[in-house]
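Asks:
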Amino acid sequence: MGKLTVTAFLTLDGVVRGPGHVDAQVGAALARWLRRASAFLQVRNVADYCPSSDDLPRHVITGDLATEIRRLKARYDGELQLHASGSLVAELDDLVDEYRLLVFPVVLGEGHPLFPAGAHPLALRPLSTSATSTGVVIQEYAAAGAPTFGSMA
Numbered sequence: 002m003g004k005l006t007v008t009a010f011l012t013l014d015g016v017v018r019g020p021g022h023v024d025a026q027v028g029a030a031l032a033r034w035l036r037r038a039s040a041f042l043q044v045r046n047v048a049d050y051c052p053s054s055d056d057l058p059r060h061v062i063t064g065d066l067a068t069e070i071r072r073l074k075a076r077y078d079g080e081l082q083l084h085a086s087g088s089l090v091a092e093l094d095d096l097v098d099e100y101r102l103l104v105f106p107v108v109l110g111e112g113h114p115l116f117p118a119g120a121h122p123l124a125l126r127p128l129s130t131s132a133t134s135t136g137v138v139i140q141e142y143a144a145a146g147a148p149t150f151g152s153m154a
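To convert, count from 1 in the sequence shown and add 1; that's my numbering.
Following this line, the structure appears as structure tokens:
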């Protein structure tokens, strides 16, 4: 069974936004992640702009999101990757296995957040964190179920 990974470019205030350019370290991380792909999951309005490879399938979800993703995860042994879709991430709930976040040192103050108000609560387990020489923080997290909260008392 495959896993669903999400890669997102974010501003420091959590807005999903393409950076306009990437440095060599960000490019190396993206290339490393893309090599792990078995297939890509895309939304219709960005399907022509997302990274892809001619020899890897791209899937645009047209039916029930959860059913389609579970079917695709069962179909592939490797990674089903979703890139550059803040609009879809909030709807995925517990379907995502790993998040790869590239946080750029910029604040926009407005825009579409990766996790909007009312998003399904989730816990994440850190897998790795690094920073590039230009200040981009590259973070990898595994989904860890429902969050637990302690008492501040």
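Backbone N, C-alpha and C define an ideal beta-carbon position, used for all residues, glycine too.
How big is the Cα-Cα spacing for Arg-76 and Ser-152?
Replies: Using only the alpha carbons, I get a separation of about 43 Å.
Asks: With distances taken between CB atoms, is the gap from Leu-7 to Val-138 smaller than 7 Å?
Replies: This sequence places Val at residue 7; Leu is not what is there. No, the pair does not count as a contact, with Cβ atoms beyond the cut-off.
Asks: Taking the continuous beta strand (DSSP E) assigned at Arg-59, which residues delimit it?
Replies: Where Arg-59 is concerned, the enclosing beta strand (DSSP E) starts and stops at 59–61.
Asks: Return the chain-ordered list of same chain residues with a C-beta closer than 6 Å to the C-beta of Val-107, the five sequence neighbours on each side being excluded.
Replies: Thr-12
Asks: I'd like to check one pair, Leu-73 with His-84: are the Cβ atoms closer than 7 Å?
Replies: no
Asks: Taking Cβ positions, are Ala-118 and Gly-146 nearer each other than 7 Å?
Replies: no
Asks: With a CB to CB cut of under 6 Å and the five nearest residues on each side skipped, what residues in its chain are close to Asp-94?
Replies: Excluding residues within five positions, the ones whose Cβ falls inside 6 Å are His-121.
Asks: Count the other CB atoms, across all protein chains shown, that sit within 10 Å of the CB of Glu-99; report buried if there are 16 or more and exposed otherwise.
Replies: Result: buried.
Asks: Evaluate Phe-150 with the Cβ neighbour count: other Cβ atoms within 10 Å of its Cβ, from every protein chain shown; 16 or more gives buried, anything less gives exposed.
Replies: exposed
Asks: If you draw a straight line from the alpha carbon of Lys-4 to that of Leu-103, how long is it in whole angstroms?
Replies: 20 Å
Asks: Check Ala-147 in the structure and name its three-state DSSP category.
Replies: Three-state result, Ala-147: coil.
Asks: If you follow the beta strand (DSSP E) that Glu-80 is part of, which residue opens it and which one closes it?
Replies: 80–84
Asks: Enumerate in chain order the residues of its own chain whose CB-to-CB distance from Gly-136 is below 6 Å, with the five nearest sequence positions on each side excluded.
Replies: Pro-106
Asks: Using DSSP's beta-bridge definition, name the partner residues of Glu-99.
Replies: Thr-6, Ala-143
Asks: Do you know how far the Cα of Glu-92 is from the Cα of Thr-63?
Replies: As the crow flies, the alpha-carbon of Thr-63 is around 14 Å from that of Glu-92.
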